[in-house]
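Numbering (full-length UniProt numbering), first residue to last: 1 to 256. Structure record follows, encoded as structure tokens.
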């Protein structure tokens with residue numbers, strides 16, 4: 001609820017452009033504005049009213065941007081075009097949506113590079129994949145500084161398999177960038193190596209009664225927590241080869 005003793009001085013401006021928005025009931029001292037995904041809904045307006053105003057706003061934005069492009073075609077309008085494409089995708093009317101995209105289409109091929117997206121890199125997976133412009137060249141820089149290159153396919157998908165000699169450690173950062181002839185390079189994406197997959201259950205090797213050690217296997221480089229029957233907890237690191245050994249506390253005697 002917005003209240004202003006001088007309604008004429010109350011202003012609501014668009015973040016994108018800074019221009020003042022013209023809304024119904026602006027002359028009243030007290031007005032209720034409800035913020036929706038398509039902009040403000042005033043008092044008892046329907047979502048249809050909001051949708052109409054949203055569509056008209058996008059139409060004006062497209063008209064303004066096309067005028068700018070035609071006046072100075074050498075400037076970079078990729079970000080503005082990308083945002084407008086996103087805005088048009090939210091228009092409810094398919095007819096209106098197609099008409100708006102038809103206006104933008106001649107400029108998209110020249111300006112917009114499909115944003116680079118890289119899938120999360122899982123520890124122990126050694127695979128880097130994602131999506132970008134079709135046939136774009138993709139360059140991956142590993143933490144060691146080594147550079148790997150590949151090309152996206154016709155759908156824009158790409159995959160790079162990192163050799164085992166360049167093991168990606170947990171929390172390592174990999175940088176990925178896409179380039180395409182006659183298009184500006186994408187932003188460099190920095191992706192951290194994460195571990196979100198639960199390790200497999202450890203295996204306990206057969207142990208003799210009275211033994212002072214318990215051995216087994218588990219996922220390499222994980223931490224194993226072993227709880228004895230009396231509640232004593234012992235932890236150990238699993239080795240690179242996937243084996244582990246735990247010393248039985250002196251106060252315990254393993255029995256069948």
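Cβ coordinates follow ideal geometry from the N, Cα and C atoms, glycine included.
Exercise. How many Å lie between residue 68 and residue 179 at the Cα?
Worked result: For the purposes of this step, residue 68 is identified with residue 68 of the chain shown, where counting begins at 1. For the purposes of this step, residue 179 is identified with residue 179 of the chain shown, where counting begins at 1. About 26 angstroms.
For this session: Compute the distance between the beta-carbons of residue 217 and residue 242, then report whether it is under 8 angstroms.
Result: Within the chain shown, residue 217 is the residue found at index 217, counting from 1. Within the chain shown, residue 242 is the residue found at index 242, counting from 1. Yes; because the gap between Cβ atoms is below 8 angstroms, this pair is in contact.
For this session: Report buried or exposed for residue 158, applying the criterion of at least 16 other Cβ atoms within 10 angstroms of its Cβ.
Result: As a first step, residue 158 is located in the chain shown; it is residue number 158 there, counting from the start. Per the 10 Å Cβ criterion, buried.
Exercise. Under the three-state reduction of DSSP, which class applies to residue 87: helix, strand or coil?
Worked result: Stepping through the chain shown from its first residue, residue 87 is reached at position 87. Note: residue 87 maps to helix in three-state DSSP.
For this session: Kindly confirm or deny that the segment 118-126 and the segment 184-204 touch, where touching means at least three C-beta pairs closer than 8 angstroms.
Result: yes
Problem set entry | For residue 226: DSSP bridge partner residues | Taking the chain shown and counting its residues from 1, the one referred to as residue 226 is at position 226. Residue 226 pairs with 234.
Problem set entry | Nearest-angstrom Cα separation, counted from residue 28 out to residue 188 | Counted from its first residue, the chain shown places residue 188 at position 188. Counted from its first residue, the chain shown places residue 28 at position 28. Using only the alpha carbons, I get a separation of about 49 angstroms.
For this session: Could you pull out every residue in the same chain whose Cβ sits closer than 8 angstroms to the Cβ of residue 173, ignoring the five residues on either side in sequence?
Result: Here residue 173 refers to the residue found at position 173 when the chain shown is read from its first residue. Around residue 173: 143, 190, 191, 192 and 193.
Exercise. Skipping 5 residues on each side, what residues in its chain have a beta carbon closer than 8 angstroms to that of residue 112?
Worked result: The residue labelled residue 112 in the question sits at position 112 within the chain shown. Reliability of the predicted coordinates at residue 112 is poor, the pLDDT of 48 falling under 50, and the value obtained from them is presented with this limitation in mind. Hits under 8 angstroms: 78, 81, 82 and 85.
Exercise. Residue 61: buried (16+ other C-beta within 10 angstroms of its C-beta) or exposed?
Worked result: As a first step, residue 61 must be located in the chain shown, where it is residue number 61. Burial call: buried.
Problem set entry | Residue of 228, 145, 104 and 185 minimising C-alpha distance to residue 115 | Numbered from 1 along the chain shown, position 115 holds the residue referred to as residue 115. Checked all of 228, 145, 104 and 185; the closest Cα to residue 115 is 185.
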